[in-house]
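Chains as they are written, first to last, in our numbering: chain A, 119 to 403; chain B, 119 to 403. In this text, a Cβ means the ideal position worked out from N, Cα and C, and glycines have one as well. This one's a predicted model, so the numbers in the text were calculated from it and none came from an experiment. A short write-up of the structure that comes next.
Protein chains: 2
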Amino acid sequence: MTELRGKPVADNITAKASERIEELKSKGINPKLAVIRVGARPDDLAYERGIIKRFETAGCDYEVFELPEDCTQEDLDSCFDARNEDDSISGILLFRPLPKHLSGNYIRSAVNPDKDIDCMGLYNQASLFVGTKKAYAPCTAQAVMELIHYYGIDLTGKRVTVVGRSLVIGKPVSLMLMADNATVTICHTRTKDLPEELKKADIIVASAGSAKMITGDMVSPGQIIIDVGMNNDEDGKLCGDVDYEAASAIVDSITPVPGGVGAVTTSVLLQNTVEGAARLNNGKL
Amino acid sequence: MTELRGKPVADNITAKASERIEELKSKGINPKLAVIRVGARPDDLAYERGIIKRFETAGCDYEVFELPEDCTQEDLDSCFDARNEDDSISGILLFRPLPKHLSGNYIRSAVNPDKDIDCMGLYNQASLFVGTKKAYAPCTAQAVMELIHYYGIDLTGKRVTVVGRSLVIGKPVSLMLMADNATVTICHTRTKDLPEELKKADIIVASAGSAKMITGDMVSPGQIIIDVGMNNDEDGKLCGDVDYEAASAIVDSITPVPGGVGAVTTSVLLQNTVEGAARLNNGKL
Chain A
119 MTELRGKPVA
129 DNITAKASER
139 IEELKSKGIN
149 PKLAVIRVGA
159 RPDDLAYERG
169 IIKRFETAGC
179 DYEVFELPED
189 CTQEDLDSCF
199 DARNEDDSIS
209 GILLFRPLPK
219 HLSGNYIRSA
229 VNPDKDIDCM
239 GLYNQASLFV
249 GTKKAYAPCT
259 AQAVMELIHY
269 YGIDLTGKRV
279 TVVGRSLVIG
289 KPVSLMLMAD
299 NATVTICHTR
309 TKDLPEELKK
319 ADIIVASAGS
329 AKMITGDMVS
339 PGQIIIDVGM
349 NNDEDGKLCG
359 DVDYEAASAI
369 VDSITPVPGG
379 VGAVTTSVLL
389 QNTVEGAARL
399 NNGKL
Chain B
119 MTELRGKPVA
129 DNITAKASER
139 IEELKSKGIN
149 PKLAVIRVGA
159 RPDDLAYERG
169 IIKRFETAGC
179 DYEVFELPED
189 CTQEDLDSCF
199 DARNEDDSIS
209 GILLFRPLPK
219 HLSGNYIRSA
229 VNPDKDIDCM
239 GLYNQASLFV
249 GTKKAYAPCT
259 AQAVMELIHY
269 YGIDLTGKRV
279 TVVGRSLVIG
289 KPVSLMLMAD
299 NATVTICHTR
309 TKDLPEELKK
319 ADIIVASAGS
329 AKMITGDMVS
339 PGQIIIDVGM
349 NNDEDGKLCG
359 DVDYEAASAI
369 VDSITPVPGG
379 VGAVTTSVLL
389 QNTVEGAARL
399 NNGKL
């Protein structure tokens with residue numbers, strides 16, 4: 119059994135991004151991420167700590183803009199506008215979901231496509247649907263693809279079963295897997311016979327967000343499992359959508375949780391922030 | 119075996135659209151489609167004749183804007199701009215593919231979302247990806263959904279195999295089927311074992327664009343087949359992606375070609391043009 123760890127993937131992406139940052143800085147261009155956070159949800163704070171660590175390792179600028187949880191729509195939109203218009207910002211990440219009284223609709227249509235490094239805006243969502251290579255995908259979905267590519271997993275003709283149809287993982291990753299010539303089946307809560315759909319897969323991408331829902335008896339020898347889940351088990355311990363202990367004894371290879379896809383996400387965010395700086399300064403290069 | 123004919127579906131949509139046109143006209147609103155055609159490809163002309171017939175039946179205005187095949191990008195964009203800005207136009211259809219020297223990129227980003235009744239623009243493509251109910255889908259993909267709904271085919275938990283991953287049918291119809299709770303598998307030219315993927319399906323949506331590629335031995339009793347193909351067979355006769363003669367003796371129900379999905383498309387175009395007028399005049403209603 120091969121453990122598909124995220125760290126070497128992330129290190130590889132980070133090393134390339136660092137080189138590119140040096141190159142851009144030598145031309146007077148300084149990539150910088152703006153993180154917009156409303157309130158202080160523990161999930162957001164944990165992700166933010168990961169981002170800060172990654173960006174500091176790579177020598178990339180960042181700035182966190184925090185708004186109180188009870189801020190107005192006007193507060194949020196103004197905070198966003200300022201970053202969207204600021205030439206020194208090359209990527210904007212807005213933590214979602216937003217509190218219920220706020221809408222992301224204005225941001226979705228107004229965000230500069232070059233700065234929309236987590237694919238929350240119309241332009242990148244449409245481009246992802248169309249299959250334009252230039253589209254930024256949501257960072258976690260892109261992290262799945264980076265991991266697959268890093269470990270040399272050929273997708274052509276492979277049967278991939280994706281569990282979950284969310285906007286940030288299930289849907290975009292399905293489109294990207296298909297663009298790489300996989301035969302994709304997308305399962306969800308209304309799928310009738312999930313074990314059957316899993317059994318026939320060469321590769322399983324688990325992104326349902328339900329702790330250990332994929333049990334040992336649902337997986338088969340030879341399979342590759344990418345577990346995107348980030349859940350807490352009954353003891354409050356971080357775990358994936360797959361019962362790792364049971365599955366790892368059966369399948370060919372599997373990503374651990376933690377230490378798998380989740381470890382790659384912040385490096386994709388870094389990569390895209392650097393790419394954003396290059397795109398925004400295309401005229402100057 | 120039930121033949122799933124398009125005519126009653128189209129008639130039903132057309133009747134509703136006609137009623138709505140009367141209602142809108144009584145408020146001084148006049149839906150109108152602008153068809154922009156570059157050159158005179160036989161396929162485009164055939165579709166155009168179908169559109170004219172449908173719109174005349176329904177009492178809906180339309181106008182065809184023809185540009186010579188060797189027109190410039192500026193000619194095309196100006197022709198489009200005029201329709202996009204003209205308040206009397208509520209829907210814009212641009213025949214595609216465009217000649218190779220022309221790009222649809224400007225139109226794609228500039229089209230008024232309310233007039234983008236065939237989903238060529240960013241806003242509707244992104245909305246389709248996100249799953250916003252308000253999105254216009256490409257007319258043929260929407261025609262598949264209208265046919266499925268008209269015949270009372272419940273999609274929840276059903277296994278649907280879609281053959282073809284095109285931007286106008288395969289991809290959008292897969293997203294819409296999934297939104298209706300089907301478990302969707304998307305096959306294409308790189309799929310390894312197409313007969314196997316077809317065998318396990320409850321419903322097959324054939325949109326590969328390859329004459330009679332789905333043969334009798336690939337289908338099973340009980341299946342529902344939606345054939346979106348519009349091809350010419352070896353005798354030059356119009357045929358679908360499915361060998362109708364062979365398949366119809368086996369499956370539960372199937373759409374004929376011609377007379378199936380193709381017969382519904384122009385009624386969807388009509389429906390969307392009327393919807394466009396209502397949306398554009400929302401303030402006035």
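Using beta carbons (cut-off 8 Å, strictly below), is L240/B in contact with chain A? yes
Is D232/A closer than 8 Å to L387/A when the C-beta atoms are compared? no
For the putative contact between V248/B and G239/B, defined by C-beta atoms under 8 Å, what is the C-beta separation to the nearest angstrom? Not a contact, Cβ separation roughly 14 Å.
Limits of the alpha helix (DSSP H) - the one that D353/A falls within: Where D353/A is concerned, there is no enclosing alpha helix (DSSP H), given that its DSSP letter is neither H nor E.
Thinking C-beta only, is G275/A closer than 8 Å to K310/B? yes
Among E187/A, E315/A, K330/A, whose alpha-carbon lies nearest the alpha-carbon of L216/A? E187/A
Would T412/A count as contacting chain B if we go by Cβ distances under 8 Å? The displayed coordinates of chain A run from 119 to 403. Any statement about residue 412/A would go beyond what the structure contains.
If you measure from the beta carbon of C305/A to each beta carbon in chain B, is any gap under 8 Å? yes
Near N242/B, which residues of its chain fall below 7 Å by C-beta distance, leaving aside the five closest residues on each side in sequence? P231, D234, A253, Y254
Compute the Euclidean distance between the alpha carbons of M119/A and D335/A, then round it to the nearest angstrom. 17 Å
Put E315/A into one of helix, strand or coil per three-state DSSP. helix
Hey, S208/A and G394/A: beta-carbon distance below 8 Å or not? yes
Check this for me: beta carbons of E375/B and G354/B, under 8 Å apart or not? Glu is not the amino acid found at residue 375/B; the sequence shown has Val there. No, the pair does not count as a contact, with Cβ atoms beyond the cut-off.
Could you tell me whether the Cβ atoms of M294/A and M263/A are closer together than 8 Å? yes
Count the CB pairs spanning the segment 335-345 of chain A and the segment 357-373 of chain A that are closer than 8 Å, and state whether there are at least three. yes
DSSP on D236/B, reduced to helix/strand/coil? coil
Given a threshold of 16 other Cβ atoms within 10 Å of its Cβ, counted over all protein chains shown, does G378/B qualify as buried or as exposed? buried
V346/A (DSSP reduced to helix, strand or coil): coil
Neighbouring residues, chain A, relative to L216/B (Cβ below 9 Å): Going along chain A, no residue has its Cβ under 9 Å from L216/B, so there is no contact; the nearest lies around 15 Å.
Looking at the unbroken beta strand (DSSP E) that takes in Y180/A, where does it start and where does it end? 179-185
Taking the Cβ atom as the reference point for each residue, do V392/B and P149/B lie within a distance shorter than 8 Å? yes
Residues of chain A with CB under 7 Å from Q341/B, in chain order? What Q341/B touches in chain A: nothing, since even the nearest Cβ is about 16 Å away.
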